[in-house]
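Residue numbers (this note's numbering): 7 to 284. Read the structure below first, then the notes.
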């Protein structure tokens with residue numbers, strides 16, 4: 007998974023088709039040839055529209071939309087249903103547009119994550135049939151989670167609801183508690199890295215895969231930057247919170263890098279078992 011591929015902003019194609027009257031036809035150039043040229047340009051336009059990923063869905067896949075939602079404040083405000091329904095620790099409230107700026111720290115997101123509980127769910131981020139997506143903003147040090155509920159309405163993704171709760175009330179609280187310690191406590195982290203762990207990356211020159219076993223003590227040489235304060239986590243696929251596996255895919259918005267961390271519950275304790283850098 008490469009952030010630059012599915013988070014790229016596509017430039018529109020512009021075609022100018024000039025229709026020349028018969029009186030303006032140059033000597034030796036037939037009317038048929040002009041019609042053929044117009045036909046070719048028209049076919050090219052049609053083909054380009056069909057190939058454009060936003061032609062059938064104004065926002066493409068959710069990842070494309072979410073990138074713009076994070077980096078573009080003007081775009082973001084247009085994609086929120088105001089007043090936004092908000093369940094704040096069990097109390098139903100609403101958020102007006104002028105109150106949104108401090109409501110959710112989405113603009114602070116520099117690295118976001120996709121969380122899967124099964125390898126079979128991989129690729130769900132490219133599924134254009136998905137119409138509802140939940141994004142968790144996990145405040146790792148404050149025992150608080152803000153859930154953003156997005157819906158695709160008339161081919162446009164919109165933020166329709168927000169909910170704030172304590173982390174312990176979330177169905178995935180066990181893993182979030184573990185990750186908080188893993189990201190913030192180096193001693194705890196070292197104790198929860200399988201020795202050795204499996205590492206995989208791609209050679210930047212040959213594009214060939216390089217993989218093998220790495221000693222846990224060498225983690226710092228291979229590890230990515232881990233969000234240690236706020237984890238913005240997109241939930242796709244089946245929410246199987248009883249699974250003993252978690253796949254956390256971290257995407258860096260600025261560097262275009264992607265890292266997959268696989269955690270597995272071993273003897274009732276989460277352990278990092280695999281690391282993939284691309």
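Here a beta-carbon is modelled for each residue, glycine too, at the ideal position from N, C-alpha and C. A quick note: this is a predicted structure, and the numbers were derived from the prediction, not measured.
Secondary structure of residue 73 (DSSP, three-state): helix. Its chain contains 123 and 124 as the residues whose beta carbon lies nearer than 7 Å to that of residue 249, once the 5 sequence neighbours on both sides are disregarded; these appear in chain order. The segment 101-115 and the segment 229-242 touch, with three or more beta-carbon pairs separated by less than 8 Å. Take the alpha-carbon of residue 280 and the one of residue 156: they are about 31 Å apart. Boundaries of the alpha helix (DSSP H) around residue 84: 79-84.
Under the DSSP definition of a beta bridge, residue 67 lacks any partner.
The shortest CA-to-CA distance from residue 277 to any of 207, 228, 185 and 256 is the one to 185. Taken in chain order, the whole beta strand (DSSP E) runs of length 3 or more contained in the segment 75-161 are 90-94, 97-101, 117-122, 138-145 and 150-159. Spatial neighbours of residue 246 in its own chain (CB-CB distance under 8 Å, excluding positions within 5 residues in sequence) are listed in chain order as 123 and 124. In the three-state reduction of the DSSP assignment, residue 249 falls in the coil class. Comparing alpha carbon positions, the residue from 98, 69, 162 and 142 closest to residue 129 is 69. The secondary-structure analysis by DSSP pairs residue 218 across a beta bridge with 205. Residue pairing of residue 169 in beta bridges, as defined by DSSP: 93 and 153. The continuous alpha helix (DSSP H) containing residue 227 extends over residues 225-228. Residue 268 counts as buried, since at least 16 other C-beta atoms from the protein chains shown sit within 10 angstroms of its C-beta. DSSP places residue 177 outside both helix and strand once states are collapsed to three, so it counts as coil. A direct Cα-Cα distance of roughly 36 Å separates residue 183 from residue 214. In the DSSP assignment, residue 192 falls within the alpha helix (DSSP H) that extends over 192-197.
Taken through DSSP and simplified to helix, strand or coil, residue 234 comes out as coil.
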